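Residue numbers (this note's numbering): 1 to 289. Reviewing the structure listed below.
So this is what it looks like as structure tokens:
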């Protein structure tokens with residue numbers, strides 16, 4: 001029997017035996033114990049029978065089993081060698097589940113048949129770089145349903161001028177439609193983390209929200225804009241491009257040089273990037289590329 005119920009009537013998993021049952025702090029391991037939460041994640045992900053789903057961080061398999069019950073073909077990445085071996089053993093009766101011992105930050109997502117969905121409880125310590133990397137494969141991903149630290153979710157959803165708004169906000173919102181699913185309190189995990197989590201939906205867009213003729217240059221401007229939050233936009237940019245060039249670009253755009261980077265929308269960042277490009281021609285409007 002894989003599961004038992006606690007005194008509240010909530011189903012929780014049977015602990016793994018042996019050394020693999022001890023969470024590793026270096027991997028930010030906290031294990032979801034609630035099948036009720038796993039079922040809510042599956043409903044939010046709108047999994048259809050036969051769909052290909054990538055799970056990152058199988059852990060103790062509660063979400064993996066829920067995905068298999070939904071009829072999905074599941075590829076589960078688990079970097080922990082002992083957990084991966086235990087998952088293969090416990091889920092060997094489910095031919096639709098493949099468990100790979102892989103580091104998601106290095107895994108080649110192009111090996112997963114497209115289109116595929118991502119459903120995952122992302123490790124706290126790599127959630128931002130992992131989400132950024134997943135977006136590099138956005139043309140192959142139809143949707144992502146991700147559990148992340150609540151503070152990270154707020155950054156993904158943040159609007160210009162708020163304290164949560166930053167580079168990650170711009171990076172994700174340029175390429176995807178993001179919405180909040182539901183919050184998950186720490187008590188739903190073992191060990192209990194000191195923070196709450198949130199489940200979010202990230203749906204890649206067919207084209208970026210703003211024109212990106214040179215994405216590398218665009219994100220260079222974004223990084224500079226957020227580099228030192230207490231500095232004005234002019235001061236953040238002048239060391240890189242020179243005072244005269246920055247003043248000319250801001251003047252052409254009618255942009256107050258005393259503004260700070262965190263007040264700029266992604267459309268304003270796009271126009272600023274265009275004005276500071278070698279061609280120096282500001283973009284008109286904020287339509288899609």
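Even glycine gets a Cβ: it sits at the ideal position worked out from N, Cα and C. Computed from a predicted model, the values in this text were never measured in an experiment.
Identity of the residue in the options nearest residue i by Cα
i	options	result
residue 102	75, 113 and 95	75
residue 177	184, 205 and 31	205
residue 278	250, 230, 217 and 261	217
residue 171	94, 57, 251 and 223	223
residue 219	273, 42 and 157	273
residue 39	62, 122 and 269	62
residue 251	263, 261, 276 and 230	276
residue 42	59, 117, 107 and 81	117
residue 175	73, 156, 163 and 95	156
residue 114	133, 73, 95 and 99	73
residue 267	36, 234 and 221	221
residue 164	188, 226 and 68	226
residue 98	159, 109, 131 and 64	64
Status (buried if at least 16 other CB within 10 Å, exposed otherwise) for residue i
i	result
residue 228	exposed
residue 145	buried
residue 33	buried
residue 335	Look at the range of the chain in this structure, 1 to 289, and you will see that residue 335 is not part of it.
residue 239	exposed
residue 105	exposed
residue 211	buried
residue 111	exposed
residue 173	buried
residue 46	exposed
residue 182	exposed
residue 161	exposed
residue 136	exposed
residue 199	buried
residue 127	buried
residue 197	buried
residue 50	exposed
residue 187	exposed
residue 179	exposed
Nearest-angstrom beta carbon gap, residue j and residue i [assumed within contact, 8 Å]
i	j	result
residue 154	residue 184	Residue 154 to residue 184, Cβ: 14 Å. No contact.
residue 119	residue 55	6 Å
residue 149	residue 192	The Cβ separation is near 14 Å, so there is no contact.
residue 35	residue 68	Between residue 68 and residue 35 the Cβ distance is about 13 Å, and since that is not below 8 Å, they are no contact.
residue 31	residue 241	No, residue 31 and residue 241 are not in contact; Cβ-Cβ is about 48 Å, not under 8 Å.
Through-space distance from residue j to residue i, alpha-carbon basis
i	j	result
residue 71	residue 265	41 Å
residue 78	residue 89	14 Å
residue 122	residue 57	7 Å
residue 230	residue 271	22 Å
residue 96	residue 86	17 Å
residue 94	residue 53	14 Å
residue 91	residue 81	15 Å
residue 261	residue 253	15 Å
residue 167	residue 233	15 Å
residue 25	residue 134	Because residue 25 carries a pLDDT of 47, less than 50, the predicted location of this residue cannot be relied on, and no value is offered for it.
residue 21	residue 44	With a pLDDT of only 47 at residue 21, under the threshold of 50, the placement of this residue in the model should not be trusted; the figure read from the coordinates follows. When rounded, the distance between both Cα atoms is 29 Å.
residue 124	residue 59	13 Å
residue 158	residue 236	22 Å
residue 109	residue 130	12 Å
residue 213	residue 83	43 Å
residue 132	residue 169	11 Å
residue 27	residue 37	Unreliable placement is indicated for residue 27, whose pLDDT of 45 sits below 50; the coordinate value is still reported in the next sentence. Computed Cα separation, rounded: 22 Å.
residue 100	residue 263	43 Å
residue 209	residue 269	12 Å
residue 23	residue 215	Below a pLDDT of 50, predicted positions are generally treated as unreliable, and residue 23, at 43, falls in that range; the measurement from the model is reported next regardless. Taking the straight line from one Cα to the other gives about 39 Å.
* Taking three-plus beta-carbon pairs below 8 Å as touching, is the segment 254-273 in contact with the segment 227-246? -> yes
* Mind the definition here: the segment 192-206 touches the segment 129-144 only if three or more C-beta pairs lie below 8 Å; say whether that holds. => In the pairwise beta carbon analysis, the segment 192-206 is classified as touching the segment 129-144: at least three pairs are separated by under 8 Å.
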